[in-house]
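Asks: My questions will all concern the structure given below.
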Amino acid sequence: MYGRLDTISHILSNQIEQEYHGTAFIFIRASLEVTTMDVSPGHCWRCERILPRRSVPCSQCPTAKYCSASCRDEDSARHRAVECELFGKKRCSACGKLGKTLECSGCNSAWYCNTDCQRRCFPTHKEACQAIRDSIRQMSTTIVRSRQNYGDFPQYFGNTMAKDFLQLPHNEWSSKQVTEDELARDYHVLSAGCGDLRNTVLTAASLPDKYRGKLHVTLSDFDSSLMARNVLFLFMLVRYADKDYIASSLTTIWYSFHLSKREYDLIKASLDELVMMSAEELYNATGGLVRVLNEELLYMTTVWQKWRTLECQRDKEASINLEWQRMDLFINSDQSTKYDCSLYLESINEQDRKPMKRWFEHGLFLPHEANQRDVPFDNPTLTGLKVNTYLTDGDPRIFLLSQGLFLDQDPPGMEDFTLCVGPKLIPFTAWDCLRVREHSSRSFSSPMEMYHNYVTDLLQKVKSLILHGRLRIHVSLANCLDFPSQHRTLQMPNYDRIFTSNLADYLGFPALLQSFKPLLNTSNSCSVIATETMKWFDSIHSAYAPYLQGSQRDKAVHAFFQDMVPSCHWKGVQPTFNGFMTHHSFTEYYNNTPHFLQFLRADFMAGGPGVPARQDVPSFETVKKYNGMRMRDFRKGPNKLAPFQYRLNARDLNMLRGYVRAVEWCLPKSDKILL
């Protein structure tokens, strides 16, 4: 008999009452289509259906388009709260006239019809303008301090939604007749700080059917445990390609805490082969899929050796007991983590809530419902060394070896490897639930089954691409700032896309742009460096919706109810008022983009590794042109690869908090009309 994690379910069910006892908040339970700037071109900004020939534009901004007047009207509260403020005409801060305006370059928070209006307003505006510049200057010092340390668990489960790195129909193929040469050309992608394989899988599986070229992906991450897991998965997909169940089994191994004997045996057999391989043998065994340097393979081999030694049979006394470890991590997590998990469960529809509560208890991710007796093994690939803190100039590979994990020694005690999936890392965050539901042509008994089916289908497509020799992956364990040197040494091709995850949170935007600009493919006008930040809120708390007060809070909450209540009726869902409203529910009705502009200016003022701090506060125009790059201005239109920000309330299963912002950087000649 295996114990159950009823403790987690019990904590979650009681957490909100403890946190919000006696407070009058309201939450509406529903899966709703509230829109922001993550809708694909050519689709309605409300319902996401393909636009008819005569679409209905927003009356106040040039960007949003709808399939009908009803969709436009239903979306007005959400759209006008944020997007219209970004994309639409601005009101003159002097005379109040709405129209074409000039922005104050000092604060980016005031607009004027002309220089006369600006001069007239200056005596009253200068104090507020100077206060913003002073705030940026102070923020730059805070940013430097916050970057000193980083680390914690390997990201075995993605903490942001998977992205298609290419999106050819919206980029290279968007405005011209696609020639035969373009259909057959190769694309090269660098994923720096790559994390798990979700982005690579989605990119490969999303290639248009008529595309016939090869996709070359470089995965760069200096976390040896994480990269060992990635390479293990790639090896298994090739090694057992003849098994019709391999894609499903790999999905289970990717996300399930407990495994059947078949999945566990697949892992053991694969590890037994991998630990004996050289880099050349690995390359040959995967049919040219995986290329890695011998000296870097060493670090992954130490991880594979350790996984082989772990006792994973759950009824054995010496078992690693992931069930207990998972419960212990949750019980000892902070109150914010418990509260966020509680709100997540309360915010999803009732039909999905029951199976999701069960998922928090058992942690299974299977193609069908199962009993505990069907999964008698723990998943060793979810364990690793927890490095609490990496110095920004440090290297966890050195830490790995310093713990005694050498090939010529017996692996150290089992206690060195622990469960490395924190309480808020869940499989349902990694894949966009809107796309998962859109993909599902039949009903499923639980979100787990629906997601499992979706990921399995993606892996089937990736397997087909591999078997046709059209996917090549170079694995690098180099520190991201050292990778350009490795790139030159190995004479690797330049990249059509460079994704840097949220490395900007630890290194700053300037260091990333200086390091990676030379690696862009200058012959492709669509070449892009895509950057993300998740921690910018930490530097400017006034951007955080729960801190709103007075009229600002009232405005956001009012927009929330204006939008959500009609949407419930439109979706045929009865609103349920159960005593609270999540902090994140009204975040997307608060336009904190002016705060983000301040953060970007502070980040570029702070500098970074190899980039000295500036003495002066840079203007936003200076930021947009940094190091000869051109930033796609997210205030003038949507990004082309990674949405500037995502919808929250529409994605009930994704556990989003509204913090992530994406900024895209092009070469000077990119885009004839650069937004």
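Residue numbers for the sequence shown follow full-length UniProt numbering, beginning at 1 and rising by one.
Just so it is clear, CB atoms sit at the ideal spot from N, CA and C, and this is done for glycine as well.
(1) Smallest Cα separation from Phe634: which of Asp73, Trp665 and Met605?
(2) Looking at chain D, is there any beta carbon in it that lies within less than 8 Å of the beta carbon of Leu226?
(3) Have a look at Arg308 and Tyr156 and give me their C-alpha separation to the nearest angstrom.
(4) Quick check: the stretch 246-253 against the stretch 205-218, are at least 3 beta-carbon pairs closer than 8 Å?
(5) Give the DSSP-derived three-state secondary structure of Ser631 in the structure shown.
(6) Assign Ile331 to one of two classes, buried (16 or more other C-beta atoms within 10 Å of its C-beta) or exposed (fewer than that).
(7) Between which two residues does the beta strand (DSSP E) carrying Thr533 extend?
(8) How long is the line joining the alpha carbons of Pro594 and Asn521, rounded to whole angstroms?
(9) Label Cys95 either buried or exposed according to how many other C-beta atoms from any shown protein chain fall within 10 Å of its C-beta, with 16 as the threshold for buried.
(10) Measure the Cβ-Cβ separation of Ala285 and Met277 and say whether it is below 8 Å.
(11) Should the stretch 493-508 be called in touch with the stretch 310-325, which here means at least 3 C-beta pairs below 8 Å?
(12) Among Arg553, Thr301 and Ala556, which residue has its Cα nearest to the Cα of Gly384?
(13) Looking at the strands, I want to know which residues DSSP matches up with Tyr646.
(14) In whole angstroms, what is the alpha-carbon distance linking Ile498 and Arg291?
(15) Would you grab the beta carbon distance between His258 and Pro367 for me? Rounded to a whole angstrom, and I think it's under 8 Å.
(16) Just to confirm before moving on: does the CB-CB distance between Cys113 and Lys97 stay below 8 Å?
(17) Start and end of the beta strand (DSSP E) containing Ala192?
(18) Is there contact here, the stretch 608-615 with the stretch 635-655, by at least three beta-carbon pairs under 8 Å?
(19) Nearest by alpha-carbon distance to Ser76: which of Phe586, Phe222, Lys624 and Asp563 is it?
(20) Under 7 Å Cβ to Cβ from Phe365, same chain only, skipping five residues before and after it: list those, please.
(21) Evaluate Pro510 with the Cβ neighbour count: other Cβ atoms within 10 Å of its Cβ, from every protein chain shown; 16 or more gives buried, anything less gives exposed.
(22) Could you check if Ala192 is buried or exposed, using at least 16 other CB atoms within 10 Å of its CB as the buried criterion?
(23) Please list the terminal residues of the continuous beta strand (DSSP E) segment that includes Phe499.
(24) Who pairs with Gly384 in a beta bridge, going by DSSP?
(25) Identify whether Lys672 lies in helix, strand or coil by the three-state DSSP scheme.
(26) Taking one C-beta from the stretch 521-534 and one from the stretch 547-563 each time, how about it: are there three or more such pairs within less than 8 Å?
(27) If the criterion is Cβ atoms closer than 8 Å, does the pair Val623 and Arg137 meet it?
(28) Spatial neighbours of Asn592 within its chain, please: CB distance less than 7 Å, with the 5 preceding and 5 following residues excluded, ordered by chain position.
(29) Taking the alpha carbon of Leu232 as the point to measure from, which residue in Leu653, Asp181, Val475 and Ser59 has its own alpha carbon closest?
(30) For the beta strand (DSSP E) containing Ile473, name the first residue and the last one.
(31) What does the alpha-carbon distance come out to for the pair Leu465 and Thr179?
(32) Short of 6 Å in beta carbon distance, which residues of its chain neighbour His188, apart from the five on each side in sequence? Order them along the chain.
(33) For the ligand COA, is there any heavy atom lying closer than 7 Å to the beta carbon of Val82?
(34) Among Arg435, Ala69 and Asp334, which residue has its Cα nearest to the Cα of Asn654?
(35) Taking the straight line between their C-alpha atoms, what separation do you get for Ala602 and Asp196?
(36) Smallest Cα separation from Leu600: which of Gln460, Lys535 and Glu127?
Replies: Checking against the coordinates, here is how it stands:
(1) Residue 634 sits at position 634 when you count from the first residue of the sequence shown. Of Asp73, Trp665 and Met605, the residue nearest in Cα terms is Trp665.
(2) The chain labelled as chain D is not found in the depicted structure, where only one protein chain is given.
(3) To locate residue 308, count along the sequence shown from 1; it is residue 308. To locate residue 156, count along the sequence shown from 1; it is residue 156. As the crow flies, the alpha-carbon of Arg308 is around 18 Å from that of Tyr156.
(4) Segments in contact, no.
(5) Looking up residue 631 in the sequence shown gives position 631. As written in the sequence, residue 631 is Met, which differs from the Ser given in the question. In the displayed model, Met631 falls within a strand according to three-state DSSP.
(6) Within the sequence shown, the letter at position 331 stands for residue 331. Flag for Ile331 reads exposed.
(7) Position 533 of the sequence shown, counted from the first residue, corresponds to residue 533. Boundaries of the beta strand (DSSP E) around Thr533: Val528 to Thr533.
(8) Locating residue 594 in the sequence shown gives position 594, counting from the first residue. Locating residue 521 in the sequence shown gives position 521, counting from the first residue. Pro594 and Asn521 have their alpha carbons spaced roughly 32 Å apart.
(9) Reading the sequence shown from its first residue, position 95 is the one you call residue 95. Around the Cβ of Cys95, a 10 Å sphere holds fewer than 16 other Cβ atoms; the residue is exposed.
(10) Translated into the one-based positions of the sequence shown, residue 285 becomes position 285. Translated into the one-based positions of the sequence shown, residue 277 becomes position 277. It is a contact, given that the beta carbons lie within the stated cut-off.
(11) These segments do not touch.
(12) As a first step, residue 384 must be located in the sequence shown, where it is residue number 384. Considering only alpha carbons, the answer is Thr301.
(13) Taking the first residue of the sequence shown as position 1, residue 646 is located at position 646. Per DSSP, none; premise fails for Tyr646.
(14) Position 498 of the sequence shown, counted from the first residue, corresponds to residue 498. Position 291 of the sequence shown, counted from the first residue, corresponds to residue 291. Approximately 19 Å, taken between the alpha carbons.
(15) What you label residue 258 is simply residue 258 of the sequence shown in a count that begins at 1. What you label residue 367 is simply residue 367 of the sequence shown in a count that begins at 1. The pair is not a contact, with the Cβ atoms about 14 Å apart (cut-off 8 Å).
(16) Locating residue 113 in the sequence shown gives position 113, where the first residue counts as 1. Locating residue 97 in the sequence shown gives position 97, where the first residue counts as 1. Yes, the pair counts as a contact, with Cβ atoms nearer than the cut-off.
(17) Numbered from 1 along the sequence shown, position 192 holds the residue referred to as residue 192. In the DSSP assignment, Ala192 falls within the beta strand (DSSP E) that extends over Tyr187 to Ala192.
(18) These segments do not touch.
(19) Here the question's residue 76 lines up with position 76 in the sequence shown. When each option's Cα is compared against that of Ser76, the closest is Asp563.
(20) Here residue 365 is taken as the residue at index 365 of the sequence shown, counted from 1. Beyond the five residues adjoining it in sequence on each side, Phe365 comes within less than 7 Å, by CB distance, of Thr252, Tyr255, Ser256, Pro427, Met448 and His452 in the same chain, given in chain order.
(21) Looking up residue 510 in the sequence shown gives position 510. Here Pro510 is buried: its Cβ has 16 or more other Cβ atoms, across all protein chains shown, within 10 Å.
(22) Sequence index remark: in the sequence shown, residue 192 carries index 192 (1-based). Flag for Ala192 reads buried.
(23) Here residue 499 refers to the residue found at position 499 of the sequence shown. Element bounds for Phe499: Arg497 to Phe499.
(24) For this step, residue 384 is matched to residue 384 along the sequence shown. When beta bridges are read from the DSSP output, Gly384 appears opposite Thr418.
(25) As a first step, residue 672 is located in the sequence shown; it is residue number 672 there, counting from the start. With a pLDDT of only 42 at Lys672, under the threshold of 50, the placement of this residue in the model should not be trusted, and no figure is reported.
(26) Because the criterion of three Cβ pairs below 8 Å is not met, the stretch 521-534 and the stretch 547-563 do not touch.
(27) On the sequence shown, residue 623 is found 623 positions in, with the first residue counted as 1. On the sequence shown, residue 137 is found 137 positions in, with the first residue counted as 1. Taking a C-beta distance under 8 Å as the contact criterion, Val623 and Arg137 do not qualify as a contact pair.
(28) To locate residue 592, count along the sequence shown from 1; it is residue 592. When the five nearest sequence neighbours on each side are left out, the beta carbons in the same chain lying within less than 7 Å of the beta carbon of Asn592 are those of Ala543, in order along the chain.
(29) On the sequence shown, position 232 is the one that residue 232 refers to. When each option's Cα is compared against that of Leu232, the closest is Val475.
(30) Along the sequence shown, one-based indexing puts residue 473 at 473. Bounds of the beta strand (DSSP E) holding Ile473 are Leu471 to Ser476.
(31) Stepping through the sequence shown from its first residue, residue 465 is reached at position 465. Stepping through the sequence shown from its first residue, residue 179 is reached at position 179. Pairing Leu465 with Thr179, the inter-Cα distance amounts to about 21 Å.
(32) For the purposes of this step, residue 188 is taken as the residue at position 188 of the sequence shown. Once the five neighbours on either side are set aside, the close Cβ partners of His188 are His216, Pro493, Tyr495 and Asp496.
(33) As for the ligand COA, it is missing from this structure, which has no ligand bound.
(34) To locate residue 654, count along the sequence shown from 1; it is residue 654. Checked all of Arg435, Ala69 and Asp334; the closest Cα to Asn654 is Arg435.
(35) Against the sequence shown, residue 602 aligns to sequence position 602. Against the sequence shown, residue 196 aligns to sequence position 196. A straight-line Cα-Cα distance of about 30 Å links Ala602 and Asp196.
(36) On the sequence shown, position 600 is the one that residue 600 refers to. In this structure, Lys535 is the residue among Gln460, Lys535 and Glu127 with its C-alpha nearest to the C-alpha of Leu600.
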